[in-house]
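Chemist:
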Amino acid sequence: MDFNATLIGEMISFAILIWFCVHFIWPHLNKAIEDRQIKIAEGLNAAERAHAELKDADQKVAAEIKVARQQASEIIDKAQQQANQIIDKARGEAISEINRLKASAQDDIASMAQRARDQLREQVGALAVQGASKIVQREVDASTHKALLDQLAAEI
Amino acid sequence: MASESGGLTEYIQHHLTHLTPHASKGGFWAVHIDSITVSLVLGVLFSLWFWLQARKATAGVPGKGQAFVEIVLEFVDGQVKDVFHGDRRVLGPLALTVFIWVFLMNAMDLLPVDLLPWITEKFGIGHFRAVPTADVNMTFAMSLTVFVLIIFYSFKAKGAAGYMHELFTAPFGKHPLLWIPNFALNLVELASKPVSLAMRLFGNMYAGELVFMLIAGLFSAGAGVAGWALYGAGIIGYTVWGLFHILIISIQAFIFMVLTIVYISMAHDHH
């Protein structure tokens, strides 16, 4: 078999076929490939972005925890100072109250003792006057005297 | 360009003759060297192509080559996943190989039917058929491989006793009188699988090739103005049939793959 126009005709058809593939089949295939590439690239980018965001968030959280811890310790310090102040104040007030109460109690005691002493003195005086008058009025009798003196002693 | 119908018959007969060793004129050892060569070259091309892409594959944004291979792989794996619910480590690659290899061999049909014979003629080789899947030996080679896999997986999934039990008791029933009909029906069903698989692909590709040759006959069908008109009609017809054939080669490759998956997954099913 010799080379003839049949092969030329077939080659022309083949060329048309290739042209058809280049213009109508390959673009679809290429689009699918490029879509896939874009999809994968986007997915990877999103993952990377999420990773970076997570890192950022972690750092932010750490910083905030640090600040919160600082604030908490400050609050605790302040509270302690306040508590100390309150305790000091309360102690001072209590001491002054105690002193005041002690002083007033001592005053009371002193005045009561004075009153008792005064009363006693009055009563001793009265008894002495009574005893003396009784001794003078009655005859001298030892037993009578004794009873009288006993009575006097009991009454003092 | 002038030629009579005897010329066309001779032309087609010439094109339908396989390249065989000179020593064997027909007979069992008349190996079709052209089918073997083209299928081997295409198989090696496919393997190298996918192997290279797989070797330099990145987990990042794929290049266009990798993206294409990934799309094909995902498509085939999706088909397998739809039909077969088991370990896909063997069936997946098998389906991929069947699909791409059959597609590439079918695609040889799109080459000008005279191109490869013309080239080989320069090297003193008179007959050369470019389309391995238009060779019944090639399609049966593949379908019989699938057949062996069907038998293998039937034994593997059900065990020898289980498979024998199924062969004799399905689909009619367990009664001893039904054993022979059951077995006969199962044999027919089993044998029909490789035959239909091979004949479908072979028939489509052989007919496609034949239509190309018939249209090519138009190129040398007339003389003068009529001859040129026929020449133009030949180009149009050849192109239109070529465009249509793009569809056929894809569909046939797809069907061969899907049926391979279906048959092997059926071998895993218990009745």
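Read top to bottom, the protein sequences are chains A and B.
1 is the number of the first residue of the first sequence in the working numbering; add one for each residue after it.
1001 is the number of the first residue of the second sequence in the working numbering; add one for each residue after it.
Cβ atoms here follow ideal geometry from the backbone N, Cα and C, with glycine treated the same way.
Here the structure is a predicted model, which means the values were calculated and not measured.
#1: Starting from B/Ser1196, trace the alpha helix (DSSP H) both ways and give me its first and last residue.
#2: With 9 Å as the C-beta to C-beta threshold (strictly closer), list the residues of the stretch 1181 to 1215 of chain B near chain A in chain order.
#3: Counting contacts by CB-CB distance shorter than 9 Å, is A/Ala41 in contact with chain B?
#4: Put A/Leu149 into one of helix, strand or coil per three-state DSSP.
#5: For chain A, is any of its Cβ atoms less than 9 Å away from the one on B/Gly1224?
#6: Taking just the CA atoms, how far does B/Phe1128 sit from B/His1015?
#7: For the stretch 7 to 23 of chain A, which residues have a CB atom closer than 7 Å to at least one CB atom of chain B, in sequence order?
#8: Nearest to B/Asp1114 by CA position, among B/Asn1106, B/Val1131, B/Phe1068, B/Phe1099, is which residue?
#9: Between which two residues does the alpha helix (DSSP H) holding B/Thr1120 run?
#10: Any idea if B/Trp1118 is buried or exposed, counting beta-carbon neighbours within 10 angstroms, 16 or more meaning buried?
#11: Under 9 Å between beta-carbons, which chain B residues line up against A/Ala5? List them in chain order, please.
#12: Taking 9 Å as the cut-off, decide whether the C-beta atoms of B/Val1190 and B/Phe1155 are in contact.
#13: Examine chain A for any beta-carbon lying closer than 9 Å to the beta-carbon of B/Asp1114, and answer yes or no.
#14: Could one say the Cβ of B/Gly1242 lies closer than 9 Å to chain A's Cβ atoms, at least one of them?
#15: If you measure between the beta carbons of B/Thr1239 and A/Ile16, is that distance less than 9 Å?
#16: Within 10 Å of its beta-carbon, does B/Asn1106 have 16 or more other beta-carbons around it, so buried, or fewer, so exposed?
#17: For B/Met1138, which option in B/Ser1047, B/Met1199, B/Ala1226 has the closest C-alpha, if you only look at C-alpha atoms?
#18: Can you grab the Cα-Cα spacing for the pair B/Met1205 / B/Ala1134, in whole Å?
#19: For the stretch 1068 to 1092 of chain B, which residues have a beta carbon sitting closer than 8 Å to at least one beta carbon of chain A?
Modeler: Let me spell this out:
#1: Position 196 of the second sequence holds residue 1196 of chain B. Run containing B/Ser1196: 1179 to 1218, per the alpha helix (DSSP H) assignment.
#2: Phe1212, Ile1215
#3: Along the first sequence, one-based indexing puts residue 41 of chain A at 41. Closer than 9 Å to some Cβ of chain B, the Cβ of A/Ala41 qualifies, so yes.
#4: For the purposes of this step, residue 149 of chain A is identified with residue 149 of the first sequence, where counting begins at 1. Reduced to three states, the DSSP call for A/Leu149 is helix.
#5: Taking the second sequence and counting its residues from 1, the one referred to as residue 1224 of chain B is at position 224. Chain A contact via Cβ: absent.
#6: In the second sequence, the residue the question calls residue 1015 of chain B occupies position 15. In the second sequence, the residue the question calls residue 1128 of chain B occupies position 128. Using only the alpha carbons, I get a separation of about 7 Å.
#7: Leu7, Gly9, Glu10, Met11, Ile12, Ser13, Phe14, Ile16, Leu17, Phe20
#8: In the second sequence, the residue the question calls residue 1114 of chain B occupies position 114. For B/Asp1114, the nearest C-alpha among the options comes from B/Val1131.
#9: In the second sequence, residue 1120 of chain B corresponds to position 120, counting from 1. It spans 1115 to 1122 - the alpha helix (DSSP H) in which B/Thr1120 sits, taken as one unbroken run.
#10: The residue labelled residue 1118 of chain B in the question sits at position 118 within the second sequence. With 16 or more Cβ atoms within 10 Å of its Cβ, B/Trp1118 is classed as buried.
#11: On the first sequence, residue 5 of chain A is found 5 positions in, with the first residue counted as 1. By Cβ distance, chain B contributes Met1001, Phe1219, Ser1220, Tyr1231.
#12: Here residue 1190 of chain B corresponds to residue number 190 of the second sequence, with the count starting at 1. Here residue 1155 of chain B corresponds to residue number 155 of the second sequence, with the count starting at 1. Residue identity differs from the one stated: residue 1190 of chain B is Leu in this sequence, not Val. Taking 9 Å as the Cβ cut-off, B/Leu1190 and B/Phe1155 do not qualify as a contacting pair.
#13: To locate residue 1114 of chain B, count along the second sequence from 1; it is residue 114. Output row for B/Asp1114: interface = yes.
#14: Along the second sequence, read from residue 1 onward, the residue named residue 1242 of chain B stands at position 242. For B/Gly1242, the answer is yes, since a Cβ of chain A falls inside 9 Å of its Cβ.
#15: To locate residue 1239 of chain B, count along the second sequence from 1; it is residue 239. To locate residue 16 of chain A, count along the first sequence from 1; it is residue 16. Yes, the pair counts as a contact, with Cβ atoms nearer than the cut-off.
#16: Against the second sequence, residue 1106 of chain B aligns to sequence position 106. By the neighbour-count rule (16 or more Cβ atoms within 10 Å), B/Asn1106 is buried.
#17: Residue 1138 of chain B sits at position 138 when you count from the first residue of the second sequence. Ranking the options by Cα distance to B/Met1138, first place goes to B/Met1199.
#18: Taking the first residue of the second sequence as 1, we reach residue 1205 of chain B at position 205. Taking the first residue of the second sequence as 1, we reach residue 1134 of chain B at position 134. If you take the alpha carbons of B/Met1205 and B/Ala1134, they lie about 5 Å apart.
#19: Phe1068, Glu1070, Ile1071
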